[in-house]
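One structure is given below, encoded as structure tokens.
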Amino acid sequence: MPQEILSSRERRAERQMNMLTCDKVSCVISFTLNIAGPVKLNPLIRESFAEGTLEIEGKLKQNGIKVLRKEQRVEKTGCEALFSVAYDAIGIKRMMVEIEEEHPLGRLFDIDVISKEGYPVSRAVLGFPKRRCLVCDRIAHECARAGRHHYELLQRKAGCIMQEYLHSRCGTPKKSKQHIGFEG
1229 MPQEILSSRE
1239 RRAERQMNML
1249 TCDKVSCVIS
1259 FTLNIAGPVK
1269 LNPLIRESFA
1279 EGTLEIEGKL
1289 KQNGIKVLRK
1299 EQRVEKTGCE
1309 ALFSVAYDAI
1319 GIKRMMVEIE
1329 EEHPLGRLFD
1339 IDVISKEGYP
1349 VSRAVLGFPK
1359 RRCLVCDRIA
1369 HECARAGRHH
1379 YELLQRKAGC
1389 IMQEYLHSRC
1399 GTPKKSKQHI
1409 GFEG
């Protein structure tokens, strides 16, 4: 699976560059979910991804920004969406960080903005702090790199976040771990 994930990232980067050059846009929004471990697809993940996609589209529409092209893929390495827009990359990044910070599922959303030069716009450019770990609230990248938490713990935490949000939104009964497909 790690090789498949790397290959998927490489293909996504190629599609991002293709959108930037072919669409002649100012930036590309790349959306995935931060889901640890081998299980990257299940009904809860798909529903959360759909929610994130709607949130991105809503934020753009609310700000009068037209999506020129949208590509969505569902692979065994997870769900991904790309949006090409003709708008300032820093302004778009600010809007996307607002989603990551304010939406109940935002801690699971991984929304990157790639500038027309092909570089990702970082949160730091806008003065936002680095993302925090789901488990211990340290800097997420440091925990991931150090392997501080077993992926099953991260999956449980992500599953709880998704269940709580979807339960509050839909009023559906909460399910146990084995019903959400993280049993690998």
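Going by this note's numbering, the sequence shown opens with residue 1229, and the numbers climb by one from there. Note that CB positions come from ideal geometry on N, CA and C, so glycine has one too. Bear in mind the structure is a predicted one, so any value in this text is a computation, not a measurement.
For the alpha helix (DSSP H) holding residue i, just list the boundary residues, first then last.
| i | result |
| --- | --- |
| V1253 | No alpha helix (DSSP H) holds V1253; DSSP gives it neither H nor E. |
| C1364 | Careful: C1364 lies outside any alpha helix (DSSP H) and carries neither H nor E. |
Take residue i as the anchor and find which of the options has the nearest alpha-carbon.
| i | options | result |
| --- | --- | --- |
| L1234 | A1374, E1303, H1377 | E1303 |
| L1336 | S1236, M1390, K1252 | M1390 |
| L1354 | G1334, K1287, M1323 | M1323 |
| R1182 | G1286, A1374, V1325, E1238 | Limits of the chain in this structure are 1229 at one end and 1412 at the other, which puts residue 1182 out of reach. |
| D1251 | K1268, E1242, L1296 | L1296 |
| I1339 | P1357, F1311, C1361 | F1311 |
| S1489 | N1270, R1301, E1279 | Residue coverage of the chain in this structure runs from 1229 to 1412, which leaves residue 1489 outside it and unanswerable. |
| A1352 | G1346, C1361, V1341 | V1341 |
| E1242 | G1346, F1277, A1372, E1275 | G1346 |
| L1282 | E1238, I1327, C1361 | I1327 |
| E1329 | P1357, D1316, A1372 | P1357 |
| Y1315 | E1299, H1331, N1291 | N1291 |
Tell me the DSSP bridge mates of residue i?
| i | result |
| --- | --- |
| P1271 | Answer is none; P1271 lacks a bridge partner. |
| S1258 | L1310, D1340 |
| P1348 | I1342 |
| R1360 | I1367 |
Using 8 Å as the threshold, is the C-beta distance between residue i and residue j below it?
| i | j | result |
| --- | --- | --- |
| I1273 | L1288 | no |
| K1344 | L1248 | yes |
| G1306 | Q1383 | no |
| Q1244 | V1256 | yes |
| V1363 | I1318 | no |
| E1308 | R1376 | no |
| I1293 | F1259 | no |
| Y1393 | L1333 | yes |
| I1263 | A1386 | yes |
Ranges of the beta strand (DSSP E) found wholly within the region 1280-1344, counting only runs of at least 3: 1295-1303, 1306-1313, 1337-1343
List in chain order: all unbroken alpha helix (DSSP H) runs of 4+ residues lying wholly within the region 1373-1398. 1379-1398
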